[in-house]
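Novice: Got a structure for you, questions after.
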Amino acid sequence: MSSGDVTIEYLNATYPGKKVYLVGTDPLIKSFLEGGIHLVETDPDIVVIGFDTTLTYEKITSACDFIRYGAIFLATHPDINCPVENGYIPDVGSFCAMISLSTGGKKPKALGKPYGETVEMIMRRTGWKKEEIVFVGDRLYTDIAVGVNNGSKGLLVLTGEADMPAVLHSDIKPDAIFEDLREIGSYLC
């Protein structure tokens, strides 16, 4: 279940039938269409910023203009960087910071991790209780925070963004810390 799934469910529950301008990759656009979201290129009620490796100046300009003229501003998730093989590339949080600066400080409602909507969606779809859900990830402020701040568990893997100094200086404390996914597998067996 992705932050896109959480956003689709949120839009259908909170803003059914509203027109949405989506900044995102083709697979995200396809998911929104399959989820019944009414996507438009002009005059939207809502602007949703998602991860987009095809981001253009034109897309950002349109999003800013729509938000300036009153469109609701949402983000699929707040991640600042996306890990790639040789480092990081900007992610949704970075895109939204740029848009916020350009629109006079308008900030999005972010969905996905670390917000409660993610845990609620998983509970609805699986029938599990929040205490039975474990989130595994490499980011304290999203992957781990979604678990520990919403009554579930958060297992940190030190293969990405977070390292031990970050853990020591963070208010978000994982339930357990592992060097890699293989170590989690050994722990669970």
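Reading the sequence shown from the start, the letters are residues 7 to 195 in the working numbering. Glycine included, every Cβ here is placed at the ideal spot set by N, Cα and C.
Counting pairs of beta carbons, one from the segment 51-62 and one from the segment 26-34, are three or more of them closer than 8 Å?
Specialist: Judged by Cβ distances under 8 Å, the segment 51-62 makes contact with the segment 26-34, as three or more pairs qualify.
Novice: Do you know how far the Cα of P120 is from the Cα of T148?
Specialist: Translated into positions along the sequence shown, residue 148 becomes position 142. Translated into positions along the sequence shown, residue 120 becomes position 114. Taking the straight line from one Cα to the other gives about 4 Å.
Novice: Whose C-beta lies closer than 6 Å to the C-beta of E167 among residues of the same chain, with five residues either side of it excluded?
Specialist: The count along the sequence shown starts at 1 and reaches residue 167 at position 161. D144 and R145, listed in sequence order.
Novice: How is the alpha helix (DSSP H) around V154 delimited, first residue to last?
Specialist: To locate residue 154, count along the sequence shown from 1; it is residue 148. Note, V154: alpha helix (DSSP H), A151 to V154.
Novice: Just the Cα atoms here: how many angstroms apart are S176 and M170?
Specialist: Here residue 176 is taken as the residue at index 170 of the sequence shown, counted from 1. Here residue 170 is taken as the residue at index 164 of the sequence shown, counted from 1. Between S176 and M170, the C-alpha separation is close to 10 Å.
Novice: Does the Cβ of D186 have 16 or more other Cβ atoms within 10 Å, making it buried, or fewer, making it exposed?
Specialist: Start at 1 with the first residue of the sequence shown, and residue 186 comes out as number 180. Exposed is the call here.
Novice: From D181 to S158, what distance separates their C-alpha atoms?
Specialist: On the sequence shown, residue 181 is found 175 positions in, with the first residue counted as 1. On the sequence shown, residue 158 is found 152 positions in, with the first residue counted as 1. Rounded to whole angstroms, D181 to S158 spans 10 Å at the Cα level.
Novice: Using CA coordinates, which residue listed in I86, E47 and S192 is at the minimum distance from T67?
Specialist: Position 61 of the sequence shown holds residue 67. The shortest C-alpha separation from T67 is found at E47.
Novice: Beta carbon of G118, beta carbon of T82: below 9 Å?
Specialist: Within the sequence shown, the letter at position 112 stands for residue 118. Within the sequence shown, the letter at position 76 stands for residue 82. In contact: G118 and T82 (Cβ atoms closer than 9 Å).
Novice: Name the residue from G99, A77 and L80 whose alpha carbon lies nearest to the alpha carbon of N87.
Specialist: The residue you call residue 87 lines up with position 81 of the sequence shown. Of the listed residues, the one whose Cα sits closest to N87 is G99.
Novice: Report buried or exposed for T132, applying the criterion of at least 16 other Cβ atoms within 10 angstroms of its Cβ.
Specialist: In the sequence shown, residue 132 corresponds to position 126, counting from 1. Flag for T132 reads exposed.
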